[in-house]
Amino acid sequence: MSEPGLIDEKFNDLATVGGGEAGTVGSFLRFRREIVNKSTQDVADALKISVRQIVYIESDEWSQFPAPAIARGFVRSYAKFVGVEWNEIVEKLPVALTTVSLIGDERPSLSAPFSDSGKKFLNKSSSGNWRYLLGAIFLALIACAFLMFQFAEKNGYFSQHLNQVSSAPSASAELPVSGTSNEKTSQVAETVIDTFGRTQKVDSASGVAINVNEISSSNVIDNLKSNSESFLTIKAREDSWIQIKGINGQMVFSKLLKAGSEEKFDIADGLSVKIGNAAGVDVFVKGLPYSFPVSKETNVANLVINK
Numbered sequence: 001m002s003e004p005g006l007i008d009e010k011f012n013d014l015a016t017v018g019g020g021e022a023g024t025v026g027s028f029l030r031f032r033r034e035i036v037n038k039s040t041q042d043v044a045d046a047l048k049i050s051v052r053q054i055v056y057i058e059s060d061e062w063s064q065f066p067a068p069a070i071a072r073g074f075v076r077s078y079a080k081f082v083g084v085e086w087n088e089i090v091e092k093l094p095v096a097l098t099t100v101s102l103i104g105d106e107r108p109s110l111s112a113p114f115s116d117s118g119k120k121f122l123n124k125s126s127s128g129n130w131r132y133l134l135g136a137i138f139l140a141l142i143a144c145a146f147l148m149f150q151f152a153e154k155n156g157y158f159s160q161h162l163n164q165v166s167s168a169p170s171a172s173a174e175l176p177v178s179g180t181s182n183e184k185t186s187q188v189a190e191t192v193i194d195t196f197g198r199t200q201k202v203d204s205a206s207g208v209a210i211n212v213n214e215i216s217s218s219n220v221i222d223n224l225k226s227n228s229e230s231f232l233t234i235k236a237r238e239d240s241w242i243q244i245k246g247i248n249g250q251m252v253f254s255k256l257l258k259a260g261s262e263e264k265f266d267i268a269d270g271l272s273v274k275i276g277n278a279a280g281v282d283v284f285v286k287g288l289p290y291s292f293p294v295s296k297e298t299n300v301a302n303l304v305i306n307k
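For what it's worth, full-length UniProt numbering labels the leading residue of the sequence shown as 1, then goes sequentially.
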């Protein structure tokens, strides 16, 4: 006997044993599954559903499915898996599954159940999708900003602008130093102008006399500094202009004394001292602190130190 004959004979024997149950769709599919030697797990894996749903189909428990369309889709796929034509089981479908005629329906297997379930899933998750979409847009904006920052940094955009910003304050900072708002600087400048004015008058009188005076002044300075019995000490806490003359009016010392520096002079017959930025200078006579009045308007002090 050929193999198809053996299958038909086995199917007839199973139908005889099953009795009236073989007339239902579930029983019919179960018998065909046993004929092709497939387990419920094999069918469940092929249909991508659970074994429990296969048991519902074989037990004709159609109420366990969400909708008739889903059950029909599973039945169609089950029949195709065990080698049963759809036309063979259409007449066996219960009334619960025939509310819509499936005769002549050529749609692919499981198209209805999966499309219906997909629509329900999309409807349920539509509200949540907005949050994910907004999050994705936010991350995209951050990524764009980061890329723009990297591009600008690579092309030296930030370093160029930082140099411009740093150079602008330095230029503007020079203005207050040379302006009248800085009181101490203006006072020193006044002293410098006065000193240079006096020097220019001497130059206009006689160039030769200036040279002689310079030589004699240097000699006087050396002599004054060498005598330590009685001397005048000037210590600068801040940059200050110092001008020292002898009693006879001869220039002994005239220069800018830097902050932290110190100069000593022999008092000799007496000295006339003019100090610009006097508030930033300490004066000592014969080793003792010497207090002197300072003009609040000009910050200039004029001292006469006698022997």
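Virtual Cβ for every residue (Gly too), placed ideally from N, Cα, C.
Bear in mind that the values here come from a model prediction, so they are computed numbers and not experimental data.
- Does DSSP classify Phe151 as helix, strand or coil? Taking the first residue of the sequence shown as position 1, residue 151 is located at position 151. Residue state, collapsed to three classes: helix.
- Message: Under DSSP, the beta strand (DSSP E) around Ile89 begins and ends at which residues?
- Response: Start at 1 with the first residue of the sequence shown, and residue 89 comes out as number 89. Unbroken run through Ile89 is the alpha helix (DSSP H), Trp86 to Val90; no beta strand (DSSP E).
- Touch test, the segment 272-289 against the segment 299-307, Cβ-Cβ under 8 angstroms, three pairs minimum: yes
- Query: Going by beta carbon distance, what residues of the same chain come within less than 7 angstroms of Ala96, once the five residues before and after it are set aside?
  - Reply: Taking the sequence shown and counting its residues from 1, one reaches residue 96 at position 96. Leaving aside the five residues that flank Ala96 on each side, the residues in its chain whose CB is nearer than 7 angstroms to its CB run, in chain order, Trp62 and Pro68.
- Item | Any beta strand (DSSP E) of 3 or more consecutive residues that is wholly inside the segment 228-302 | 231-236, 240-246, 251-257, 262-266, 271-276 and 281-285
- Item | Cβ distance (whole Å) where Ile234 is taken to contact Leu271 below 8 angstroms | In the sequence shown, counting from the first residue as 1, residue 234 sits at position 234. In the sequence shown, counting from the first residue as 1, residue 271 sits at position 271. That pair is no contact at about 11 angstroms.
- For Glu61, the first and last residue of its enclosing alpha helix (DSSP H): Taking the sequence shown and counting its residues from 1, one reaches residue 61 at position 61. Counting along the chain, Glu61 falls outside any alpha helix (DSSP H), and DSSP gives it neither H nor E.
- Task: Hey, could you find the ends of the alpha helix (DSSP H) Ser50 is sitting in?
- Result: Looking up residue 50 in the sequence shown gives position 50. Segment: none, Ser50 is in no alpha helix (DSSP H) and carries neither H nor E.
- Query: What is the rounded straight-line gap between the Cα of Arg52 and the Cα of Val43?
  - Reply: Within the sequence shown, the letter at position 52 stands for residue 52. Within the sequence shown, the letter at position 43 stands for residue 43. Distance between the alpha carbons of Arg52 and Val43: 11 angstroms.
- Message: Can you list, in chain order, the residues of its chain with a C-beta nearer than 6 angstroms to that of Val84? Leave out the 5 residues immediately preceding and following it.
- Response: Start at 1 with the first residue of the sequence shown, and residue 84 comes out as number 84. The answer, listed in chain order, is Arg32.
- Item | Extent of the continuous alpha helix (DSSP H) run through Pro68 | As a working mapping, residue 68 is identified with position 68 in the sequence shown. Looking at the DSSP string, the run of the alpha helix (DSSP H) that includes Pro68 is Pro68 to Phe81.
- Query: How would you label Trp241, buried or exposed, when you count the other beta carbons within 10 angstroms and need 16 or more for buried?
  - Reply: If you number the sequence shown from 1, residue 241 lands on position 241. Trp241 counts as buried, since at least 16 other C-beta atoms from the protein chains shown sit within 10 angstroms of its C-beta.
- Task: Could you check which residue in Ile247, Gly246, Glu88 and Phe231 has the C-alpha nearest to that of Glu262?
- Result: Locating residue 262 in the sequence shown gives position 262, where the first residue counts as 1. The shortest Cα separation from Glu262 among Ile247, Gly246, Glu88 and Phe231 belongs to Phe231.
- Grab me the residues of Gly26's own chain with a C-beta within less than 6 angstroms of its C-beta, minus the 5 sequence neighbours each way, in chain order. Taking the first residue of the sequence shown as 1, we reach residue 26 at position 26. Answer for Gly26: Ile57, Glu58, Ser59 and Asp60, listed in chain order.
- For Val304, which residues does DSSP report across the bridge? By one-based count along the sequence shown, residue 304 stands at place 304. Answer is Ser272, bridged to Val304.
- Under the assumption that Phe138 contacts Lys92 (Cβ atoms under 8 angstroms), give the Cβ distance between them as a whole number of angstroms. Locating residue 138 in the sequence shown gives position 138, counting from the first residue. Locating residue 92 in the sequence shown gives position 92, counting from the first residue. At roughly 56 angstroms, the Cβ-Cβ gap does not stay under 8 angstroms, so Phe138 and Lys92 are not in contact.
- Residues in its own chain within less than 7 angstroms of Tyr78 by CB, not counting five upstream and five downstream? Counting from 1 along the sequence shown, the entry for residue 78 is found at position 78. Within the same chain, Tyr78 has close Cβ partners Leu29, Val43, Leu47 and Ile57.
- Task: For Lys286, collect the residues of the same chain with a Cβ closer than 6 angstroms to its Cβ; drop the 5 residues on either side in sequence, then sort them by chain order.
- Result: Residue 286 sits at position 286 when you count from the first residue of the sequence shown. Around Lys286: Ser230.
- Message: Quick check on this structure: which residue in Ala236, Gly246, Thr298 and Leu134 has the alpha carbon closest to the alpha carbon of Leu260?
- Response: In the sequence shown, counting from the first residue as 1, residue 260 sits at position 260. This sequence places Gly at residue 260; Leu is not what is there. Among Ala236, Gly246, Thr298 and Leu134, the Cα nearest to that of Gly260 belongs to Ala236.
- Item | Distance, Tyr132 Cα to Ala143 Cα | On the sequence shown, residue 143 is found 143 positions in, with the first residue counted as 1. On the sequence shown, residue 132 is found 132 positions in, with the first residue counted as 1. Answer to the nearest angstrom: the Cα atoms are 16 angstroms apart.
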